[in-house]
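Numbering (our numbering), first residue to last: 3 to 160. Note that the Cβ used here is the ideal one computed from N, Cα and C, for glycine as well. For reference, the structure discussed in these notes is given below.
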Amino acid sequence: MQQNYQVEMAMVRKFGKPKFFLTFTCNPSWSEILNCMEGVQRPDIIICVLNMKLKELLEDICKHGIFGIVLEYNYVIEFQKRGLPHAHILLTLDSESKIRTKDDIDKFVSAELPDPCTELRLFQIVTKCMVHGPMWNYRVSRKGLPDFKIKYLENKDR
Numbered sequence: 003m004q005q006n007y008q009v010e011m012a013m014v015r016k017f018g019k020p021k022f023f024l025t026f027t028c029n030p031s032w033s034e035i036l037n038c039m040e041g042v043q044r045p046d047i048i049i050c051v052l053n054m055k056l057k058e059l060l061e062d063i064c065k066h067g068i069f070g071i072v073l074e075y076n077y078v079i080e081f082q083k084r085g086l087p088h089a090h091i092l093l094t095l096d097s098e099s100k101i102r103t104k105d106d107i108d109k110f111v112s113a114e115l116p117d118p119c120t121e122l123r124l125f126q127i128v129t130k131c132m133v134h135g136p137m138w139n140y141r142v143s144r145k146g147l148p149d150f151k152i153k154y155l156e157n158k159d160r
């Protein structure tokens, strides 16, 4: 572990500080996992599938440049308490790809739920996999987004 830290610090000295910190989490509902499980927990299959998907993600990031030109990357795979692995990825970009303005950030980061009227499947995926907390009992406002203020006030009155 200390050696990995020293290697990464040498990369920071050479290329600069990483600009992206990504977390890539294993999804137990991936078809590659479900097709092989047969009701038995198989950590070997889970980590194999995660490694395949992680390799594809890193190829999209590094070879296809979805965030820009990557000078250096590093990742570590950890296991959650419930046993599912996830990867933490650091990316260092070249000077042309670095984030400088809020518009640069908006190209890559969205904190909005997709519109369930026009993008129902994406809305279902995001609310199932990306939203943490008690989202099971919310109303949808006119814009198709959860009306958290109403939900909060209703729960507060109880």
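For residue i, count neighbouring Cβ atoms within 10 angstroms of its own Cβ and tell me buried if that reaches 16, exposed if not.
i           : result
residue 45  : exposed
residue 107 : exposed
residue 48  : buried
Could you pull out every residue in the same chain whose Cβ sits closer than 6 Å to the Cβ of residue i, ignoring the five residues on either side in sequence?
i          : result
residue 29 : none
residue 27 : 88
residue 64 : 72
Suppose the cutoff is 8 Å on Cβ atoms and the five residues either side in sequence are ignored; what does the same chain contact list for residue i look like?
i           : result
residue 32  : 51, 55
residue 10  : 76, 92
residue 159 : Low confidence applies here, because residue 159 scores a pLDDT of 46, under 50, leaving its location unreliable and the question unanswered by this model.
residue 39  : 47
residue 25  : 88, 89, 90, 91
residue 128 : 115, 116
I believe residue i touches residue j by the beta-carbon criterion, under 8 Å. Please report the beta-carbon distance rounded to the nearest angstrom.
i          : j          : result
residue 71 : residue 86 : Residue 71 to residue 86, Cβ: 32 Å. No contact.
residue 69 : residue 23 : Rounded, the Cβ-Cβ distance is 12 Å, inconsistent with contact.
Considering only residues of the same chain and omitting the five flanking positions on each side of residue i, which have a CB-CB separation below 7 Å?
i           : result
residue 124 : 116
residue 82  : 88
residue 157 : Unreliable placement is indicated for residue 157, whose pLDDT of 48 sits below 50; the coordinate value is still reported in the next sentence. Cβ within range, chain order: n/a, list empty.
residue 101 : 21, 107
residue 59  : 26
Mind the definition here: the segment 8–18 touches the segment 102–118 only if three or more C-beta pairs lie below 8 Å; say whether that holds.
-> Pairwise C-beta distances place the segment 8–18 out of contact with the segment 102–118, as fewer than three of them are shorter than 8 Å.
How about the segment 90–98 and the segment 66–80: do they share at least three Cβ pairs that are nearer than 8 Å?
-> yes
Alpha helix (DSSP H) runs wholly inside the segment 14–88, at least 4 long, in chain order | 33–39, 45–64
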